[in-house]
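Structure, as structure tokens:
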Amino acid sequence: MTKSRSPLSSTSTKRRVQWHPRSDAPEAVERQSLVVVANRLPVHRLPDSSKIGWSTSPGGLVSALKSVLNGKELCWVGWSGEAERSHQPFRHDGIYNCPVTLTQEDLEGYYSGFANRILWPLFHDAVRPPEYRRRWWKPYVEVNRRFAEATAEVLQENGTAWIHDYHLMLVPQMLRELVPSAKISFFLHIPFPPEELFAQLPWRRELLQGVLGADVIGFQTQLGAQNFTRLAQRYADSRGSDGLLKVDDRVTKVDCFPISIDRSRFESVAAMPNVQKRARELREKIGAHKKIFLGVDRLDYTKGIDVRLTAFRTLLENDPSLCDKVAFVQIAVPSREKVQEYAEVRTTIEQEVGRINGTFGSPGQVPLHYHYQSLPIEELVAFYLAADVMVVTPFRDGMNLVAKEYVTTRLDNTGLLILSEFTGAAKELNQALLVNPHDIDGLAATFRTALEISPAEVQSRMTALRQVIQNHDVHQWADECLGLTRI
Numbered sequence: 001m002t003k004s005r006s007p008l009s010s011t012s013t014k015r016r017v018q019w020h021p022r023s024d025a026p027e028a029v030e031r032q033s034l035v036v037v038a039n040r041l042p043v044h045r046l047p048d049s050s051k052i053g054w055s056t057s058p059g060g061l062v063s064a065l066k067s068v069l070n071g072k073e074l075c076w077v078g079w080s081g082e083a084e085r086s087h088q089p090f091r092h093d094g095i096y097n098c099p100v101t102l103t104q105e106d107l108e109g110y111y112s113g114f115a116n117r118i119l120w121p122l123f124h125d126a127v128r129p130p131e132y133r134r135r136w137w138k139p140y141v142e143v144n145r146r147f148a149e150a151t152a153e154v155l156q157e158n159g160t161a162w163i164h165d166y167h168l169m170l171v172p173q174m175l176r177e178l179v180p181s182a183k184i185s186f187f188l189h190i191p192f193p194p195e196e197l198f199a200q201l202p203w204r205r206e207l208l209q210g211v212l213g214a215d216v217i218g219f220q221t222q223l224g225a226q227n228f229t230r231l232a233q234r235y236a237d238s239r240g241s242d243g244l245l246k247v248d249d250r251v252t253k254v255d256c257f258p259i260s261i262d263r264s265r266f267e268s269v270a271a272m273p274n275v276q277k278r279a280r281e282l283r284e285k286i287g288a289h290k291k292i293f294l295g296v297d298r299l300d301y302t303k304g305i306d307v308r309l310t311a312f313r314t315l316l317e318n319d320p321s322l323c324d325k326v327a328f329v330q331i332a333v334p335s336r337e338k339v340q341e342y343a344e345v346r347t348t349i350e351q352e353v354g355r356i357n358g359t360f361g362s363p364g365q366v367p368l369h370y371h372y373q374s375l376p377i378e379e380l381v382a383f384y385l386a387a388d389v390m391v392v393t394p395f396r397d398g399m400n401l402v403a404k405e406y407v408t409t410r411l412d413n414t415g416l417l418i419l420s421e422f423t424g425a426a427k428e429l430n431q432a433l434l435v436n437p438h439d440i441d442g443l444a445a446t447f448r449t450a451l452e453i454s455p456a457e458v459q460s461r462m463t464a465l466r467q468v469i470q471n472h473d474v475h476q477w478a479d480e481c482l483g484l485t486r487i
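Take the sequence shown: its letter number 471 is residue 471 in this note's numbering, and every next letter is one higher.
Quick look at the structure:
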């Protein structure tokens with residue numbers, strides 16, 4: 001195969017981009033030895049028009065990285081969450097934030113379009129058909145270049161850049177061209193698809209070359225790493241195997257680094273007297289005598305919430321006497337509410353909620369409790385403690401930290417986890433009750449099993465699950481991902 005120049009390069013320069021602050025900038029940019037690069041900053045603007053105020057944001061990536069990196073010398077490059085609004089670098093909660101400005105047009109093409117209507121569905125086994133619209137490619141390239149330049153401006157010579165997720169797959173190679181001495185790590189939080197799916201992408205070569213700019217490329221599962229390696233060899237002129245790919249004169253390490261959670265944080269919250277009290281209150285309100293099933297998901301079509309609820313309805317249809325013995329609590333966290341597909345999923349879920357409660361509910365008692373809202377960590381953990389059975393059944397998921405959070409909070413080794421076999425977590429948490437999330441009757445049968453399983457087996461399974469989390473938390477994950485010098 002004849003090699004060609006990378007289509008990602010719009011300039012032949014390999015020099016650093018120079019920082020040119022505005023004349024009204026409050027401070028010059030500070031160069032850092034470690035720069036985290038992600039679509040969003042770990043903070044969001046407070047709704048206060050009189051002054052600029054920031055608050056630390058919830059979320060898997062933010063909480064995982066902050067627990068490891070907080071207090072160390074680092075910068076976080078990302079979008080502030082405000083379209084058309086520019087901000088100078090600032091410190092908050094021990095992190096030096098370097099905002100990247102995005103326009104509304106950027107967001108429509110780069111984020112809503114290319115990232116979330118092409119890559120997101122394709123990488124989740126095409127649960128919904130990807131839309132290969134050419135007009136979204138240019139803004140994706142342009143925004144990735146903006147992130148690479150912002151990173152180059154703040155990164156020290158020989159410093160480390162840790163780039164995250166499918167929004168920024170071109171950044172590693174772009175940054176490599178700007179700062180050749182940089183150590184670059186890339187981690188994909190979502191699944192990486194098999195060859196036959198990824199090969200559909202009109203921009204498959206460009207994306208592979210972009211990621212291959214990194215020294216270390218991390219995936220949630222070994223299968224994801226293997227898929228990437230085969231595709232890089234086929235479409236991106238890479239050579240090698242066994243986790244090492246040769247790209248021109250460099251060697252890139254490709255491996256599996258399953259993400260975990262901040263175990264000590266969740267254990268400490270679970271031990272709080274007020275959280276335990278709240279868990280008891282929830283059980284009383286839902287039904288102290290009932291077995292409580294719990295689902296906690298971002299409202300997304302990949303999470304399988306609608307099928308899960310249909311399986312619960314099937315359980316009640318098969319045995320109506322269970323209406324007085326079980327309850328299901330579904331917490332759906334709002335997500336991409338303006339996107340039509342997500343609005344349709346919400347409508348489908350809420351129609352199923354109404355159908356179940358309309359059919360099986362009675363005055364003062366409903367079998368299904370539905371909450372469409374985000375919860376603070378104390379309230380979330382209280383729900384974890386109140387639940388007898390945690391139901392995590394996405395059609396496809398890179399990892400799923402909710403499953404690990406639930407396991408971690410079960411300090412007394414009680415509780416049962418029902419887990420989709422198509423999550424990254426299933427590779428580690430194999431003492432859960434593993435299910436096919438597409439199989440409604442199989443899910444209903446597993447719900448029945450969860451009601452009948454002995455307390456001794458429940459404790460045995462949970463003890464084994466908790467040991468997995470104790471042996472590998474977010475700190476080990478970060479150390480593995482950043483172990484660039486061990487290549």
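By construction, the Cβ of each residue, glycine as well, lies at the ideal position given by its N, Cα and C atoms.
The structure presented is a predicted model; accordingly, all values stated were derived computationally and were not measured.
Would a C-beta distance cut-off of 8 Å place residue i and residue j closer than the cut-off?
i, j, result
"Phe383", "Ile331", "yes"
"Glu480", "Phe257", "yes"
"Gln173", "Leu119", "no"
"Ile377", "Ile305", "no"
"Leu170", "Val141", "yes"
"Ala297", "Val254", "Residue identity differs from the one stated: residue 297 is Asp in this sequence, not Ala. No, they are not a contact pair."
"Val269", "Val381", "yes"
"Pro129", "Trp76", "no"
"Pro193", "Phe293", "no"
"Arg204", "Tyr166", "no"
"Thr221", "Lys427", "yes"
"Ile217", "Phe198", "no"
"Ile356", "Pro363", "no"
Residue i: buried (16+ other C-beta within 10 angstroms of its C-beta) or exposed?
i, result
"Lys325", "exposed"
"Thr359", "exposed"
"Val251", "exposed"
"Thr393", "buried"
"His289", "exposed"
"Met390", "buried"
"Leu231", "buried"
"Lys303", "buried"
"Asn144", "buried"
"Gln351", "exposed"
"Glu317", "exposed"
"Gln431", "buried"
"Arg91", "exposed"
"Thr423", "buried"
"Arg346", "buried"
"Lys338", "exposed"
Relative to the C-alpha of residue i, which residue among the options is closest?
i, options, result
"Val353", "Ser80, Val275, Val307", "Val307"
"Asn158", "His167, Val171, Ser181", "Ser181"
"Phe312", "Gln431, Ala445, Gly53", "Ala445"
"Ser80", "Ile95, Leu102, Gly94", "Leu102"
"Leu208", "Gly53, Ala288, Leu46, Asn227", "Asn227"
"His438", "Tyr301, Phe147, Val216, Glu82", "Tyr301"
"Lys246", "Ala214, Ser86, Thr221", "Ala214"
"Gln32", "Met462, Trp54, Ala115, Leu74", "Leu74"
"Ala450", "Ala478, Leu322, Val216, Glu379", "Leu322"
"Ile259", "Leu41, Asp397, Gly53, Val77", "Asp397"
"Val127", "Asn116, Leu46, Ile356", "Asn116"
"Gly295", "Gln276, Ala327, Gly53", "Ala327"
Mind reading off the beta-carbon distance from residue i to residue j? Whole number of angstroms is fine, and I expect it under 8 Å.
i, j, result
"Leu315", "Arg448", "6 Å"
"His164", "Val37", "7 Å"
"Asn39", "Leu168", "7 Å"
"Pro191", "Gly224", "6 Å"
"Val329", "Ile286", "7 Å"
"Ala152", "Leu178", "4 Å"
"Arg263", "Gln470", "7 Å"
"Leu282", "Ser335", "Actually they do not touch by this definition, with Cβ atoms about 24 Å apart."
Grab me the residues of residue i's own chain with a C-beta within less than 6 Å of its C-beta, minus the 5 sequence neighbours each way, in chain order.
i, result
"Lys138", "none"
"Ala25", "With a pLDDT of 39 at Ala25, under the threshold of 50, the modelled position of this residue cannot be trusted, and the question is left open."
"Lys3", "Reliability of the predicted coordinates at Lys3 is poor, the pLDDT of 42 falling under 50, and the value obtained from them is presented with this limitation in mind. Asp237."
"Ala425", "Met399, Asn400, Ala403"
"Gly415", "Met462"
"His371", "Ile331"
Spatial neighbours of residue i within its chain, please: CB distance less than 8 Å, with the 5 preceding and 5 following residues excluded, ordered by chain position.
i, result
"Arg466", "Val407, Thr408, Arg410, Asn413"
"Leu429", "Ala403, Lys404, Val407, Leu417, Leu419, Leu465, Val468"
"Val435", "Thr393, Ile418, Leu419, Ser420, Glu421, Gly442, Leu443, Thr446"
"Ser86", "Pro99, Thr101"
"Glu379", "Arg278"
"Tyr132", "Ile118, Gln200, Leu201, Pro202"
"Ala271", "Leu411"
Excluding the 5 residues flanking residue i on each side, which residues of the same chain have their C-beta closer than 7 Å to its C-beta?
i, result
"Ala279", "Ala382, Leu385, Ala386"
"Ile440", "Val307, Thr310, Ala311, Thr314"
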